[in-house]
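Student: Encoded as C-alpha cells, here's the structure I'll be asking about.
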Amino acid sequence: MRAFLLSNSTCSGNTYLNHAKDDLARFLDGIDELFFVPFALADVDGYTAVAARFFAGIGISVTGAHRVSTGLLSQAPAIFTGGGNTFRLVKALHETGRMEAIQQAVADGASYLGASAGTNIAAPTLSTTNDMPIVEPPSFSTLGLVPFQINPHYLDPVPGDTHMGETREERIVQYLEENETPVLGLREGTWLRCEDGRYFLEGMERGARLFRRGAEPAEFSAPAELTSVLTRG
Numbered sequence: 001m002r003a004f005l006l007s008n009s010t011c012s013g014n015t016y017l018n019h020a021k022d023d024l025a026r027f028l029d030g031i032d033e034l035f036f037v038p039f040a041l042a043d044v045d046g047y048t049a050v051a052a053r054f055f056a057g058i059g060i061s062v063t064g065a066h067r068v069s070t071g072l073l074s075q076a077p078a079i080f081t082g083g084g085n086t087f088r089l090v091k092a093l094h095e096t097g098r099m100e101a102i103q104q105a106v107a108d109g110a111s112y113l114g115a116s117a118g119t120n121i122a123a124p125t126l127s128t129t130n131d132m133p134i135v136e137p138p139s140f141s142t143l144g145l146v147p148f149q150i151n152p153h154y155l156d157p158v159p160g161d162t163h164m165g166e167t168r169e170e171r172i173v174q175y176l177e178e179n180e181t182p183v184l185g186l187r188e189g190t191w192l193r194c195e196d197g198r199y200f201l202e203g204m205e206r207g208a209r210l211f212r213r214g215a216e217p218a219e220f221s222a223p224a225e226l227t228s229v230l231t232r233g
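Counting in full-length UniProt numbering, the sequence shown runs from 1 upward without gaps.
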C-alpha cells in the first residue's frame, strides 16, 4: 500500500499543494495520470480543474472520478482525494460505490493521495474529522488504508486564548473514551508517507501528535519514521 496523506492542501502564503510539490513529484515518479475525487466540495468540476492545474505542473494529467465508472476508477494508477467536508465526501463515496472502487484500486497497487478530508478517510472511520455533519452518510466506515485514525489540521491550544470551547486535544480524548483506535494528529504543513508497511512523517518540523487511550500524547517532529509506534498493538 502506497499513500501520501497531507494534513492540508494549502499552507499560509503558498499556493495549492505547492508546499509539498517536490515530494509529491517524487512519490508519483513514473505515473502520468491520476483520478481526482472531488466530492468533498459542491463544485466538483471546478475543484477538479484546480487539482488538474497543479498536477499539470509535474507532468500528470487529471481526470475527475465523478466522470468515470467505478470499474475504471478501480483500475486507476493513482487516486487523489481532495479536502472539504468529510461527511459530504463519505456520503457520495458510499452511495456511488466509489468507496469500494478506491479500496480495490489501492489493493491492486494504485498510489493513494489525500489532503484534509481525503486524508481522514484513509483511516478506518471518519470519526476524527473536524467537520460539521452537513449530510448523513449511510456509514461512518471509510477506506481503512491505515490501522489508526487521523485528525488533519491538528491545532494546539493557543496560550491565553479565552475561547471556552473544547480544544482539539479534548475532542480526541473524548473519542478515545469511546474507542480504542489510536489517533494521529497531523499539524498543518505535514504529511504521512506510507510505503511497504512503513510510515514516514514529513513536511514541517512541528510534525504530529499521537494519542492513545489511557496514555499521555506522544510528540513527533518531522522528519521521522513512525512505523513502530503506529503499528504497535
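Even for Gly, the Cβ is constructed at its ideal location relative to N, Cα and C.
In this text, all values refer to a predicted model and were calculated from it rather than measured experimentally.
Taking only runs that begin and end inside the stretch 34-98, name each unbroken beta strand (DSSP E) of 3 or more residues, in chain order.
Tutor: Whole beta strand (DSSP E) segments, 3+ residues: 61-64, 78-81.
Student: By Cβ distance below 6 Å, which residues in the same chain neighbour R198 in space, the five residues on each side in sequence not counted?
Tutor: Position 198 of the sequence shown, counting from 1, holds the residue named residue 198. Answer for R198: T227, listed in chain order.
Student: What first and last residue would you give for the beta strand (DSSP E) that runs through Y175?
Tutor: Here residue 175 refers to the residue found at position 175 of the sequence shown. That residue, Y175, is in no beta strand (DSSP E); its alpha helix (DSSP H) goes 168-178.
Student: Per DSSP, what are the beta-bridge partners of C11 in this structure?
Tutor: Position 11 of the sequence shown, counting from 1, holds the residue named residue 11. C11 pairs with nothing; no bridge assigned.
Student: Taking Cβ positions, are Y112 and L145 nearer each other than 8 Å?
Tutor: Working through the sequence shown from its first residue, we reach residue 112 at position 112. Working through the sequence shown from its first residue, we reach residue 145 at position 145. Yes.
Student: Take every Cβ of the stretch 42-55, pair it with every Cβ of the stretch 118-132, and state whether three or more of those distances are shorter than 8 Å.
Tutor: Because the criterion of three Cβ pairs below 8 Å is not met, the stretch 42-55 and the stretch 118-132 do not touch.
Student: Could you tell me the alpha carbon to alpha carbon distance between A123 and R26, rounded to whole angstroms?
Tutor: Taking the sequence shown and counting its residues from 1, the one referred to as residue 123 is at position 123. Taking the sequence shown and counting its residues from 1, the one referred to as residue 26 is at position 26. Looking at the two C-alpha atoms, the distance is approximately 24 Å.
Student: From I58, E166, I79, pick the residue whose C-alpha is nearest to that of V68; which is it?
Tutor: Residue mapping note: residue 68 aligns to position 68 of the sequence shown, counting from 1. Ranking I58, E166, I79 by Cα distance to V68 puts I79 first.
Student: Just to confirm the assignment, what range does the alpha helix (DSSP H) spanning G118 have?
Tutor: Numbered from its first residue, the sequence shown carries residue 118 at position 118. G118 -> alpha helix (DSSP H) spans 117-120.
Student: Count the other CB atoms, across all protein chains shown, that sit within 10 Å of the CB of T162; report buried if there are 16 or more and exposed otherwise.
Tutor: Within the sequence shown, residue 162 is the residue found at index 162, counting from 1. Exposed: under 16 other Cβ atoms inside 10 Å.
Student: Are G185 and F148 touching if we call contact CB-CB under 8 Å?
Tutor: Here residue 185 refers to the residue found at position 185 of the sequence shown. Here residue 148 refers to the residue found at position 148 of the sequence shown. No, the Cβ-Cβ distance between G185 and F148 is not below 8 Å.
Student: Roughly how many angstroms separate the alpha carbons of G160 and R171, rounded to a whole number?
Tutor: Taking the first residue of the sequence shown as 1, we reach residue 160 at position 160. Taking the first residue of the sequence shown as 1, we reach residue 171 at position 171. Computed Cα separation, rounded: 19 Å.
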